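Novice:
2 protein chains.
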Amino acid sequence: MTLPQGENNAPAYQQVKDHILDRVLKGDWPEGARVPSENELTRSLGFSRMTVNRALRELTAEGWLTRTQGAGTFVAKSRPQSAVLEIRNIADEIRERGHEYSSQIYQLRVETAGSVEAGLLGLEEGTEIFHSLILHFENGQPVQLEDRFVNPAAAPDYLSQNFRSITPYEYLMKAAPLSEAEHVIQAIQPDPETARLLSISPQSPCLLLKRRTWSGDKSVTYARLVHPGDRFQLWGRFSS
Amino acid sequence: MTLPQGENNAPAYQQVKDHILDRVLKGDWPEGARVPSENELTRSLGFSRMTVNRALRELTAEGWLTRTQGAGTFVAKSRPQSAVLEIRNIADEIRERGHEYSSQIYQLRVETAGSVEAGLLGLEEGTEIFHSLILHFENGQPVQLEDRFVNPAAAPDYLSQNFRSITPYEYLMKAAPLSEAEHVIQAIQPDPETARLLSISPQSPCLLLKRRTWSGDKSVTYARLVHPGDRFQLWGRFSS
DNA sequence: GGCGCAAGCTTGTCTATACAAGCCTGATTG
DNA sequence: CAATCAGGCTTGTATAGACAAGCTTGCGCC
Numbered sequence: 006m007t008l009p010q011g012e013n014n015a016p017a018y019q020q021v022k023d024h025i026l027d028r029v030l031k032g033d034w035p036e037g038a039r040v041p042s043e044n045e046l047t048r049s050l051g052f053s054r055m056t057v058n059r060a061l062r063e064l065t066a067e068g069w070l071t072r073t074q075g076a077g078t079f080v081a082k083s084r085p086q087s088a089v090l091e092i093r094n095i096a097d098e099i100r101e102r103g104h105e106y107s108s109q110i111y112q113l114r115v116e117t118a119g120s121v122e123a124g125l126l127g128l129e130e131g132t133e134i135f136h137s138l139i140l141h142f143e144n145g146q147p148v149q150l151e152d153r154f155v156n157p158a159a160a161p162d163y164l165s166q167n168f169r170s171i172t173p174y175e176y177l178m179k180a181a182p183l184s185e186a187e188h189v190i191q192a193i194q195p196d197p198e199t200a201r202l203l204s205i206s207p208q209s210p211c212l213l214l215k216r217r218t219w220s221g222d223k224s225v226t227y228a229r230l231v232h233p234g235d236r237f238q239l240w241g242r243f244s245s
Numbered sequence: 006m007t008l009p010q011g012e013n014n015a016p017a018y019q020q021v022k023d024h025i026l027d028r029v030l031k032g033d034w035p036e037g038a039r040v041p042s043e044n045e046l047t048r049s050l051g052f053s054r055m056t057v058n059r060a061l062r063e064l065t066a067e068g069w070l071t072r073t074q075g076a077g078t079f080v081a082k083s084r085p086q087s088a089v090l091e092i093r094n095i096a097d098e099i100r101e102r103g104h105e106y107s108s109q110i111y112q113l114r115v116e117t118a119g120s121v122e123a124g125l126l127g128l129e130e131g132t133e134i135f136h137s138l139i140l141h142f143e144n145g146q147p148v149q150l151e152d153r154f155v156n157p158a159a160a161p162d163y164l165s166q167n168f169r170s171i172t173p174y175e176y177l178m179k180a181a182p183l184s185e186a187e188h189v190i191q192a193i194q195p196d197p198e199t200a201r202l203l204s205i206s207p208q209s210p211c212l213l214l215k216r217r218t219w220s221g222d223k224s225v226t227y228a229r230l231v232h233p234g235d236r237f238q239l240w241g242r243f244s245s
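Protein chains in written order, with the working numbering: chain A, 6 to 245; chain B, 6 to 245.
1. Roughly how many whole angstroms lie between the Cα atoms of A:GLY103 and A:ASN144?
2. Kindly list the residues whose CB is nearer than 8 Å to the CB of A:CYS211, restricted to its own chain and excluding five residues on each side of it in sequence; keep chain order.
3. With distances taken from CA atoms, which of A:VAL155, A:ARG48, A:GLY37, A:ALA96 is nearest A:THR78?
4. Output the boundary residues of the alpha helix (DSSP H) element that contains B:LYS22.
5. Threshold first: 3 residues or longer. Then list the beta strand (DSSP E) segments lying entirely within the segment 124-159 of chain A, N to C.
6. Taking the C-alpha atoms as reference points, what is the distance between A:ALA1 and A:GLU187?
7. Just to confirm before moving on: does the CB-CB distance between A:SER224 and A:ASN156 stay below 8 Å?
8. Going along chain B, which residues have a C-beta under 7 Å from A:GLN86?
9. If you run the structure through DSSP and keep just helix, strand and coil, what is A:THR236?
10. Can you tell which of B:LEU128, B:LEU125, B:GLN19, B:ASP27 has its C-alpha closest to the C-alpha of B:MET1?
11. Under 8 Å Cβ-Cβ, which residues of chain A neighbour B:PHE79?
12. Taking A:VAL29 as the query, report the chain B residues whose CB atoms sit under 9 Å from its CB, ordered along the chain.
13. Inspect the beta-carbon positions of B:SER165 and A:ILE92 and report whether they are closer than 8 Å.
14. Along the chain, which unbroken stretches of the alpha helix (DSSP H) at least 4 residues long are found entirely within the segment 159-212 of chain A?
15. Compute the distance between the beta-carbons of A:PRO81 and A:GLY68, then report whether it is under 8 Å.
16. Could you give the DSSP three-state label for A:ALA88: helix, strand or coil?
17. What residue does the alpha helix (DSSP H) around B:SER49 start on, and which one ends it?
18. In this structure, how does DSSP classify A:GLU116 when only helix, strand and coil are distinguished?
19. Can you pull the chain B neighbours of A:GLN166, defined as C-beta to C-beta under 7 Å?
20. Among residues of its own chain, excluding the 5 on either side of A:ILE190, which ones have a beta-carbon nearer than 6 Å to its beta-carbon?
21. Would DSSP call B:ALA38 helix, strand or coil?
22. Comparing the C-beta of B:ARG242 with each C-beta of chain A, is any distance below 8 Å?
23. Is there a Cβ of chain B sitting closer than 8 Å to that of A:PRO210, yes or no?
24. In terms of alpha-carbon separation, which member of A:SER120, A:ILE139, A:TYR176 lies closest to A:THR132?
25. Determine whether the Cβ of B:MET6 lies closer than 8 Å to any Cβ atom of chain A.
26. So that I know if they touch, is there some Cβ in chain A lying closer than 8 Å to that of B:LEU113?
27. If you count every other CB in all the chains shown that lies within 10 Å of the CB of A:PRO147, and 16 or more means buried, which is it?
28. Whose C-alpha, out of A:SER42, A:ASP27, A:VAL21, is nearest the C-alpha of A:PHE52?
29. Within its chain, find whatever has a CB closer than 6 Å to the CB of B:LEU239; leave out the 5 residues flanking it on each side and keep chain order.
30. Any beta-carbon of chain A closer than 8 Å to the one on B:ALA60?
31. In this structure, what does DSSP give as the bridge partners for A:THR226?
32. Please classify A:SER220: is it buried, with 16 or more other beta-carbons within 10 angstroms of its beta-carbon, or exposed?
33. Across which residues does DSSP place A:GLY241 in a beta bridge pair?
34. Please identify, using Cβ separations under 8 Å, the residues of the segment 134-145 of chain A that lie next to chain B, in order along the chain.
35. Could you round the C-beta distance between A:VAL40 and B:PRO182 to whole angstroms and report it? I think they count as a contact, below 8 Å.
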């Protein structure tokens, strides 16, 4: 069997990947079906076993296949689809639209963690944590209210930053490179204080993004980001 | 140099990955820093170049490093963080909560694509497309209004499905395995008709998820999913 | 001083070989 | 008939060697 023409300039491992993915997407190999073994593919496609192995490993990492040592390679069950959304630095986002970014710091201090904050940061109640409340503006109009708790162990110098010139996002990216994150997204009606700060009516729908991040084995931050629904959206596009 | 103890039972390529990631997360190698070459790592760590290569390639695929043939390997600039959110089959989600799922089909028909729908599906205006409008219930309460357009070329049998027993999501997962997806998430105020169908007041905030998917090179579907804010949220957690 | 070229170092890719570890199936024994 | 074991086939991992292709740097020449 020969591989499809037009792909012969691609590296061999990529040709193997394309060949198998093509069979899967066309329905020739439905989910659960057993994919030919590495040795079978080696013989039929004419590439080395290590080349075939690389192709199968990468397709497995991308979610298309599952492999079990000794048993074989199978087409993966369709797992829940994902939305991959970019969570960018709000300042960069605004500036790239050609708009003016500014911010106002309402609070930046040490606090003693209550049971809720402690739980969210994976710390003991009573531990000292950092707490900031910052309003972000686009062309003078409020676009995000950022209420953030930070674990001092992960970013000890958090309080000494100038968050008028950099955002907490920028600072934490450098101070505590992200290795794990959790997000919850909801549509909410803002409480009166939040509505006031965002300069919207209490009936305006808001997009709430709650996120926790970890760096290595260390909890870094818990943030509640509230956005007026008509001034902010999340967007993402991904491919396998 | 020896690798950290306690990791010596891991495969060699994993030990190399852990070693490098540890240096990155500790800040020893800040973003932009050049990582020792494959040959240097081969000599210092005592593994083969192919083992080192596999570790570096995987860290690159995971977003930690960037590599340029001839130039070297560098610690990646922190790219925009991502939220990875599961978009599950609404019926499964409801049933796994121990609740009762049901649905009502308001519309399921062929239509001629207007310029908007055609644009969203990457088709010519005037092309025939499928259009369904379905309300999903949890314990008798509306939880999602699904307004969906489907490209017949990708799912020719769409109209002949019984969407009381399976959801369009389930059907399309099998008929057109997803290879690419795009999402937009917003908080909106529903129009009167949508509010009526969802049994909410027109002032209730709603979470709107707009998604387009592709299978291979073929556009599959464009869906607008509207959810009462107090009855639905998106959640996701990922790690590198 | 600038440009071009070559050498050296880098990553990208491929193959062959080897051994470890796990799964499955068939045969044998009790 | 059931259980166990062995053989064969599978994937997992590692290494050595090879060649291609790209980048960087230094040197020589104009």
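A virtual CB, placed ideally from N, CA and C, is assigned to each residue, including glycine.
Remember, predicted model here, so these are calculated numbers, not experimental data.
Specialist: A quick look at the data gives this:
1. 10 Å
2. ALA192, ILE193, GLN194, PRO195, THR199, LEU203, ILE205, VAL231, HIS232, PRO233, GLY234
3. A:GLY37
4. 17-30
5. 133-143, 146-155
6. A query on residue 1 of chain A cannot be resolved here, the shown segment of chain A reaching from 6 to 245 and no further.
7. yes
8. ILE92, LEU183, ALA186
9. The sequence as given places Arg at residue 236 of chain A; Thr does not occur at that position. It is coil, neither helix nor strand.
10. The shown model of chain B, from 6 to 245, leaves out residue 1 of chain B, and the question about it has no answer.
11. Correct list: empty, because the minimum Cβ distance to chain A is about 14 Å.
12. PRO182
13. no
14. 173-180, 197-203
15. A small correction: the amino acid at residue 81 of chain A is Ala; Pro does not occupy that position in the sequence shown. Yes, the pair counts as a contact, with Cβ atoms nearer than the cut-off.
16. strand
17. 43-50
18. strand
19. Per Cβ cutoff of 7 Å: no residues; A:GLN166 is ~16 Å from chain B at best.
20. LEU214
21. coil
22. yes
23. yes
24. A:SER120
25. With a pLDDT of 39 at B:MET6, under the threshold of 50, the modelled position of this residue cannot be trusted; read the value that follows with caution. Closer than 8 Å: no.
26. no
27. buried
28. A:VAL21
29. LEU90
30. no
31. A:VAL155, A:THR218
32. buried
33. B:HIS188
34. none
35. Contact doesn't hold; Cβ gap of about 15 Å is too wide.
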